[in-house]
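Asker: Sending over a structure as structure tokens; questions will come in a sec.
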Amino acid sequence: MTTLSASDVCGGYATAELIVKGVDLTVSPSELAVIIGPNGAGKSTFLKLLAGLLPKRTGQVSIDGAALPPGDAHMACERGVSFVPQERNVFGSLSVHENLEMGGYLLRSGVKTRIEEQLIRFPVLRGKLREKAGNLSGGQRQVLAVALALMTNPSVLLLDEPTAGLSPAAAKDIFVLIRDLAASGLAILMVEQNALLALEYGTRGVVLVAGRKVRDDTAGTVLEDGEIRHLFLGRAAPAAAHRV
Amino acid sequence: MPTNASLLEVSDIRASFGGVRALDGATFSVEAGTITGLIGPNGAGKTTVFNCISGLVDGFEGAVRFEGADIARKRPEVVSRSGLVRSFQLARGCPRMTVFEHLMLYGPKQTGEGMVRALTNPGLIRSQEQALRERAYEIARRLRLDHVLDNLVTDLSGGQKKLLEIGRVLLADPKMILLDEPMAGVNPTLVGEIADQLAIIRESGVTILLIEHEMELIERLCDDVVVMAEGKFLTRGSFDEITADRRVQESYLGVQLS
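Order-wise, the sequence lines are chains A and B.
Residues in the first sequence are numbered consecutively from 5, following the numbering used here.
Residues in the second sequence are numbered consecutively from 7, following the numbering used here.
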């Protein structure tokens with residue numbers, strides 16, 4: 005059971021100005037925190053800073069109180085952080101089985117056992133083990149991307165728009181899967197533009213605007229906030245949510 | 007162009023890649039002046055149909071007609087010059103250009119591109135460029151990209167790249183546009199505003215074929231919806247008709263049927 009904390013985190017890319025401008029956030033075990041906000045608010049950049057993927061970071065990121073150095077993704081991974089990027093999150097020319105092996109690259113032993121665990125958790129992958137990941141459907145590819153991230157047995161999962169480009173049915177399946185992972189004890193931080201649905205499955209809603217956190221509350225409270233609905237969820241009133 | 011023909015006709019397209027049957031008889035048409043939705047489960051072959059129409063792949067069987075003319079297996083630039091322009095699901099762009107330069111690149115019929123005319127007709131080129139510049143500003147403003155016009159494309163967020171992709175398509179002054187999930191990764195409030203823009207574009211006479219998973223958008227915008235599954239045409243109709251179809255509910259919308 006691991007807690008992820010960010011304190012006054014700032015950062016960006018080499019060529020541009022600061023994108024994330026001082027964000028405090030704590031994600032506890034079994035929490036599914038959903039980050040929403042306008043395009044260009046710094047949501048994906050914030051995830052990358054937490055995952056140690058960007059060297060230019062100030063502020064503190066810590067796992068159970070112990071600080072992670074900036075720009076050290078290997079260390080973050082060793083300390084239990086897994087990151088699933090939005091695009092290019094599987095190896096398209098490798099088979100599903102080879103992908104899972106790559107996910108377990110850092111493991112010193114027990115790769116077979118870990119793969120078997122993923123296949124029990126995600127039965128859809130078992131029938132596809134020899135298929136190239138590039139030939140999977142969008143929903144199956146996202147399942148594989150999450151399975152890859154789980155190969156190192158992480159305690160913190162960072163997900164960047166896991167349902168972008170998925171059919172409504174596949175998106176719901178992915179959200180159910182993520183909610184179940186959180187319920188099993190993982191601390192999960194997820195960026196989503198499919199915000200209404202994500203907040204329904206999430207436990208917390210965090211609103212990021214222009215690199216700063218402007219709201220952090222329970223998912224239900226954020227969902228019902230009229231101003232947030234208007235500004236970021238594209239909805240006027242709570243009752244207007246469309247269900248097919 | 008025959009008056010009773012559809013603007014775009016796709017007939018019985020079949021294609022396989024690497025031993026996988028991607029399209030197995032895709033047939034549908036798009037009427038001029040409409041927004042037509044193209045939906046279906048992931049892996050149904052929607053993007054592959056776009057690739058066939060836009061000339062990105064040529065190893066397929068079947069026919070594609072645009073304004074009555076055969077455009078199947080024509081090169082991408084030939085297809086886009088005929089007025090049929092597409093967007094891409096993964097917006098790539100030219101990373102080392104600024105947003106503004108990138109938009110300007112897609113202005114059609116720029117006289118300054120020919121060396122002789124560039125030397126002999128500088129006045130015309132200047133006025134063309136000025137008009138193009140104004141359109142680029144206007145489109146950027148509508149898509150809320152005006153504050154990042156001087157940023158490099160590589161510095162844009164994922165969602166902003168999607169918006170730039172829409173801007174690029176609009177700047178080409180097309181007769182018809184194929185949009186491949188233009189709203190995936192775009193903030194919901196902005197999605198609503200872009201939807202309004204697409205409706206305005208339709209009013210201006212541009213026909214739109216739209217791949218999208220956001221059902222509210224399909225309901226709000228589309229005059230007609232084509233459903234594909236497993237590489238084939240499944241059904242078509244109004245939003246209400248296709249969402250009432252059990253096959254669509256089960257395979258695509260994820261509705262649990264008792």
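We treat Cβ as the ideally placed atom computed from N, Cα and C, and that holds for glycine.
Taking the alpha-carbon of valine 105(B) as reference, which of Leu169(B), Asp76(B), Asp64(B) has the nearest alpha-carbon?
Answerer: Stepping through the second sequence from its first residue, residue 105(B) is reached at position 99. Residue Leu169(B) is the option with its Cα nearest to valine 105(B).
Asker: In angstroms with no decimal places, state the Cα-to-Cα distance between aspartate 68(B) and arginine 98(B).
Answerer: One-based indexing of the second sequence puts residue 68(B) at position 62. One-based indexing of the second sequence puts residue 98(B) at position 92. The sequence given here has glycine at residue 68(B), not aspartate. Approximately 29 Å, taken between the alpha carbons.
Asker: Roughly how many whole angstroms lie between the Cα atoms of valine 195(A) and leucine 111(A)?
Answerer: For the purposes of this step, residue 195(A) is taken as residue 191 along the first sequence, with counting starting at 1. For the purposes of this step, residue 111(A) is taken as residue 107 along the first sequence, with counting starting at 1. Cα-Cα distance, rounded: 27 Å.
Asker: Is leucine 72(A) near arginine 83(A), with beta carbons less than 9 Å apart?
Answerer: Mapped onto the first sequence, residue 72(A) falls at position 68. Mapped onto the first sequence, residue 83(A) falls at position 79. For leucine 72(A) and arginine 83(A), yes; Cβs fall inside 9 Å.
Asker: Near glycine 164(B), what residues of its chain come up, given a Cβ to Cβ distance below 6 Å and the 5 sequence neighbours on each side ignored?
Answerer: Counting from 1 along the second sequence, the entry for residue 164(B) is found at position 158. Excluding sequence neighbours, glycine 164(B) sits near Gly191.
Asker: Indicate whether the contact test is met: 3 or more Cβ pairs, each with one atom in the segment 51-71 of chain B and one in the segment 128-148 of chain B, closer than 8 Å.
Answerer: As far as the Cβ criterion goes, the segment 51-71 of chain B does not touch the segment 128-148 of chain B, which means the pair count is below three.
Asker: Does chain A have any CB closer than 9 Å to the CB of glutamine 136(B)?
Answerer: What you label residue 136(B) is simply residue 130 of the second sequence in a count that begins at 1. Not one chain A Cβ lies under 9 Å of glutamine 136(B).
Asker: Between which two residues does the beta strand (DSSP E) containing glycine 224(A) stretch?
Answerer: Taking the first residue of the first sequence as 1, we reach residue 224(A) at position 220. Run containing glycine 224(A): none in the beta strand (DSSP E); it sits in the alpha helix (DSSP H), 223-228.
Asker: Taking C-beta pairs closer than 8 Å, name the residues in chain B that serine 141(A) reaches, listed in chain order.
Answerer: Locating residue 141(A) in the first sequence gives position 137, counting from the first residue. Chain B residues near serine 141(A): Pro47, Asn48, Gly49.
Asker: Among Leu8(A), Lys47(A), Ser32(A), whose alpha-carbon lies nearest the alpha-carbon of lysine 25(A)?
Answerer: By 1-based counting over the first sequence, the position of residue 25(A) is 21. When each option's Cα is compared against that of lysine 25(A), the closest is Lys47(A).
Asker: Could you work out which residue in Leu130(B), Pro128(B), His108(B) is closest to alanine 142(B) when comparing CA atoms only?
Answerer: In the second sequence, the residue the question calls residue 142(B) occupies position 136. Residue His108(B) is the option with its Cα nearest to alanine 142(B).
Asker: What residues from chain A crowd round aspartate 229(B), counting only those whose CB sits closer than 9 Å?
Answerer: As a working mapping, residue 229(B) is identified with position 223 in the second sequence. By Cβ distance, chain A contributes nothing, its closest Cβ being about 19 Å from aspartate 229(B), past 9 Å.
Asker: Compute the Euclidean distance between the alpha carbons of arginine 233(A) and valine 84(B), then round it to the nearest angstrom.
Answerer: Sequence index remark: in the first sequence, residue 233(A) carries index 229 (1-based). Sequence index remark: in the second sequence, residue 84(B) carries index 78 (1-based). The straight-line gap from Cα to Cα measures roughly 44 Å.
Asker: Determine whether the Cβ of glycine 15(A) lies closer than 9 Å to any Cβ atom of chain B.
Answerer: Here residue 15(A) is taken as the residue at index 11 of the first sequence, counted from 1. It does not: the Cβ of glycine 15(A) has no partner Cβ on chain B nearer than 9 Å.
Asker: May I ask which residues mark the beginning and end of the beta strand (DSSP E) holding glutamate 209(B)?
Answerer: For the purposes of this step, residue 209(B) is taken as the residue at position 203 of the second sequence. Counting along the chain, glutamate 209(B) falls outside any beta strand (DSSP E), though it belongs to the alpha helix (DSSP H) covering 194-209.
Asker: With respect to the alpha helix (DSSP H) encompassing glutamate 247(B), which residues constitute its N-terminal and C-terminal limits?
Answerer: Position 241 of the second sequence, counting from 1, holds the residue named residue 247(B). Its alpha helix (DSSP H) spans residues 245-249.
Asker: What residues of chain E sit near leucine 196(B), judged by a beta carbon separation below 9 Å?
Answerer: Protein chains in the displayed structure are A and B, and chain E is not among them.
Asker: Using a Cβ-Cβ cutoff of less than 6 Å, which residues in the same chain neighbour aspartate 220(A) once the five nearest sequence positions on both sides are dropped?
Answerer: The residue labelled residue 220(A) in the question sits at position 216 within the first sequence. These residues qualify, in order along the chain: Val210.
Asker: Comparing C-alpha positions only, which one of Arg102(B), Leu125(B), Phe34(B), Leu162(B) sits nearest to threonine 49(A)?
Answerer: Working through the first sequence from its first residue, we reach residue 49(A) at position 45. It is Leu162(B).
Asker: Assuming phenylalanine 23(B) is part of the alpha helix (DSSP H), what are its boundary residues?
Answerer: On the second sequence, residue 23(B) is found 17 positions in, with the first residue counted as 1. Taken as a continuous stretch (DSSP letters only), phenylalanine 23(B) belongs to no alpha helix (DSSP H), being part of the beta strand (DSSP E) at 14-23.
Asker: So does the segment 114-125 of chain A actually touch the segment 151-161 of chain A, counting three or more Cβ pairs closer than 8 Å?
Answerer: In short, these stretches touch, since the Cβ pair count reaches three.
Asker: Let me confirm a value: tyrosine 109(A) is counted as buried when at least 16 other C-beta atoms fall within 10 Å, else exposed. Which label applies?
Answerer: The residue labelled residue 109(A) in the question sits at position 105 within the first sequence. Label assigned to tyrosine 109(A): exposed.
Asker: Looking at C-alpha atoms only, which residue of Ser141(A), Ile192(A), Cys14(A) is the closest neighbour of valine 6(A)?
Answerer: Residue numbering aside, residue 6(A) sits at position 2 when the first sequence is read from its first letter. With the sequence shown as reference, residue 6(A) is identified as threonine, and valine is not the correct amino acid for it. Threonine 6(A) has its Cα closest to that of Ile192(A), out of Ser141(A), Ile192(A), Cys14(A).
Asker: Considering phenylalanine 179(A), what are the terminal residues of the alpha helix (DSSP H) in which it resides?
Answerer: On the first sequence, residue 179(A) is found 175 positions in, with the first residue counted as 1. Note, phenylalanine 179(A): alpha helix (DSSP H), 172-187.
Asker: By the 10 Å Cβ neighbour count, where 16 or more other Cβ atoms means buried, how is aspartate 76(B) classified, buried or exposed?
Answerer: Position 70 of the second sequence holds residue 76(B). Exposed, because fewer than 16 other Cβ atoms sit within 10 Å of the Cβ of aspartate 76(B).
Asker: For glycine 26(A), which of helix, strand or coil comes out of DSSP?
Answerer: Taking the first sequence and counting its residues from 1, the one referred to as residue 26(A) is at position 22. Of the three classes helix, strand and coil, the one that applies to glycine 26(A) here is strand, per DSSP.
Asker: I'd like to know whether the C-beta of aspartate 177(A) is nearer than 9 Å to at least one C-beta of chain B.
Answerer: Residue numbering aside, residue 177(A) sits at position 173 when the first sequence is read from its first letter. Yes, its Cβ sits closer than 9 Å to a Cβ of chain B.
Asker: Exposed or buried, which one is phenylalanine 245(B) when buried takes at least 16 other CB atoms within 10 Å?
Answerer: The count along the second sequence starts at 1 and reaches residue 245(B) at position 239. Counting Cβ neighbours within 10 Å, phenylalanine 245(B) comes out buried, since at least 16 surround it.
Asker: Under a CB-based cut-off of 9 Å, is lysine 217(A) close to chain B?
Answerer: What you label residue 217(A) is simply residue 213 of the first sequence in a count that begins at 1. No, lysine 217(A) does not count as interfacial toward chain B.
Asker: Among the residues of its own chain, which have a CB less than 7 Å from the CB of proline 59(A), if the five just before and after it don't count?
Answerer: Sequence index remark: in the first sequence, residue 59(A) carries index 55 (1-based). Cβ within range, chain order: Pro74, Gly75.
Asker: Would a check of beta-carbon distances place alanine 173(A) closer than 9 Å to chain B?
Answerer: On the first sequence, position 169 is the one that residue 173(A) refers to. It does; some Cβ of chain B falls within 9 Å.
Asker: What do you get for isoleucine 248(B), buried or exposed, if any count of 16 or more other CB atoms within 10 angstroms of its CB means buried?
Answerer: Position 242 of the second sequence, counted from the start, is the residue given in the question as residue 248(B). Answer is buried; the Cβ neighbour count reaches 16.
Asker: If the cut-off is 9 Å on Cβ atoms, which residues from the segment 214-225 of chain B count as contacting chain A, listed in chain order?
Answerer: Against chain A - using a Cβ distance shorter than 9 Å - the residues of the segment 214-225 of chain B are His219, Glu220, Met221, Glu222, Glu225.
Asker: For alanine 37(A) and arginine 208(A), which I take to be in contact (beta-carbon distance under 8 Å), what is that distance rounded to the nearest angstrom?
Answerer: Residue 37(A) sits at position 33 when you count from the first residue of the first sequence. Residue 208(A) sits at position 204 when you count from the first residue of the first sequence. About 4 Å separates the two Cβ atoms, so the contact holds.
Asker: Could you tell me the alpha carbon to alpha carbon distance between arginine 228(B) and valine 150(A), rounded to whole angstroms?
Answerer: To locate residue 228(B), count along the second sequence from 1; it is residue 222. To locate residue 150(A), count along the first sequence from 1; it is residue 146. Strictly speaking, residue 228(B) in this sequence is cysteine, with arginine absent from that position. Spanning the two alpha carbons is a distance of roughly 34 Å.
Asker: Using three-state DSSP, classify aspartate 64(B) as helix, strand or coil.
Answerer: Here residue 64(B) corresponds to residue number 58 of the second sequence, with the count starting at 1. Three-state result, aspartate 64(B): coil.
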